Amino acid sequence: MADSKRHGRACGRYDIVRHAAGGCAAAIIFLVIASAAVGGNMQQAPSDPKGSREKSAARTLTYEGATTIGANIMPEAARLFATHTGVIFSYIGGAGADAGFKAAVEGRATFGGVARELTADEKAKVGGSEVIGYDVLGVFVNRNNPVRNLTRSQLKQIFTGQATNWKQFGGPDRPITVYSEKLTGGRATVRAFKDMVLGGDSYGPVKELEDATDCIKNVATDDGGITASSMSFAIPGVIAVAIDGAGPTPQEVQSGRYPLKRPLILVTKDVPSGDVRAFLDFMLTKEAQAIVAKKFVAVK
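This is the structure:
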């Protein structure tokens, strides 16, 4: 199980407790409050220091992986789970799906978050996996771009570099600028889009940025920009185009007409038990699925 010290700080990138003056100290206060809520009274620490450390570790969970899950689901889900059980997440990271998967199977994180289908090889390496929701990938253009529909074939031309000007698709005479998360960073969005739209072909020239948020922000200020990202990162200034005539709406996704849907998966090194199993079960409850449904498609 991962120790927060291995990540260099006590709180993760997506801190569970956020107060203007509290910061990571607030997370410590939250841990004390959560422990008291479960036990009713603060229990005297065992005389055996080793036993105390083992008990403490067993009641702490960690997450590493897809930013889509880490930023949009885990913080709120972790808070609610702690309220019910007293079990907290000491770290919630967003290093990407491949990094999260590796951290989980190597025992450096309790849960690895993967926002794409698992490969056959990956399925063989994990002790447990749970689909907690589905994410819809959107293809975003600047709101000033009149192009509102593209086919998958046209998207492939754009993202592989075969098409370079918006006038080729009925838009203005303006160069196309493709923004993407780092192509070599093991990002789930990059991999999923490559599989679903590019047919496994390589990306063409792109402006590589650190994460999806950066890509969306750049498209919002670049009339010729385009990027593929989770719909959960949509902001004012961008428009998600229809693909083959179907928009990225819940109705079109559920009907199967909109093609870009991917599972949101939590994986574990071993067969889930104890607090690990409890959290996976919790993620399928009505309460937790309501959190998922705020930005994604719930499984229940």
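Residue numbering for the sequence shown follows our numbering, beginning at 152 and increasing consecutively. Just so it is clear, CB atoms sit at the ideal spot from N, CA and C, and this is done for glycine as well. Note that the structure is predicted; figures quoted are calculated from it, not measured.
Beta-carbon proximity check, residue i vs residue j, cutoff 8 Å
i           : j           : result
residue 388 : residue 326 : no
residue 310 : residue 256 : no
residue 373 : residue 293 : yes
residue 427 : residue 236 : no
residue 435 : residue 412 : no
residue 305 : residue 320 : yes
Collapsed DSSP secondary structure at residue i in the structure displayed
i           : result
residue 389 : strand
residue 369 : helix
residue 447 : coil
residue 249 : helix
residue 268 : coil
residue 323 : coil
residue 286 : strand
Same chain, Cβ closer than 6 Å to residue i, neighbours up to 5 away in sequence not counted
i           : result
residue 408 : 397
residue 280 : 416 and 418
residue 323 : 317
residue 249 : 337
residue 399 : 287, 289, 382, 391 and 409
residue 368 : none
Cβ-based neighbour list, residue i, same chain, cut-off 7 Å, excluding 5 preceding and 5 following
i           : result
residue 393 : 299 and 300
residue 401 : 448
residue 205 : In this prediction, residue 205 scores a pLDDT of 37, lower than 50, which makes its location untrustworthy; the coordinate-derived value is nonetheless stated afterwards. Excluding positions up to five away in sequence, the list is empty.
residue 220 : 264, 266 and 415
Among the options, the one whose alpha carbon lies nearest that of residue i
i           : options               : result
residue 263 : 253, 272 and 271      : 253
residue 442 : 218, 215 and 223      : 223
residue 283 : 296, 291, 351 and 228 : 228
residue 437 : 297, 292 and 232      : 232
residue 234 : 411, 433 and 214      : 433
residue 333 : 302, 378 and 321      : 378
residue 371 : 246, 329 and 274      : 329
Contacts around residue i, its chain only, beta-carbon distance under 8 Å, and the 5 residues preceding and following it disregarded
i           : result
residue 140 : Absent from the structure is residue 140, since the part of the chain shown begins at 152 and ends at 451.
residue 422 : 278 and 279
Are at least three pairs of beta-carbons, each pair with one atom in the stretch 237–247 and one in the stretch 267–275, less than 8 Å apart? no
Under 8 Å: do the stretch 360–367 and the stretch 331–350 share three or more Cβ pairs, one atom per stretch? yes
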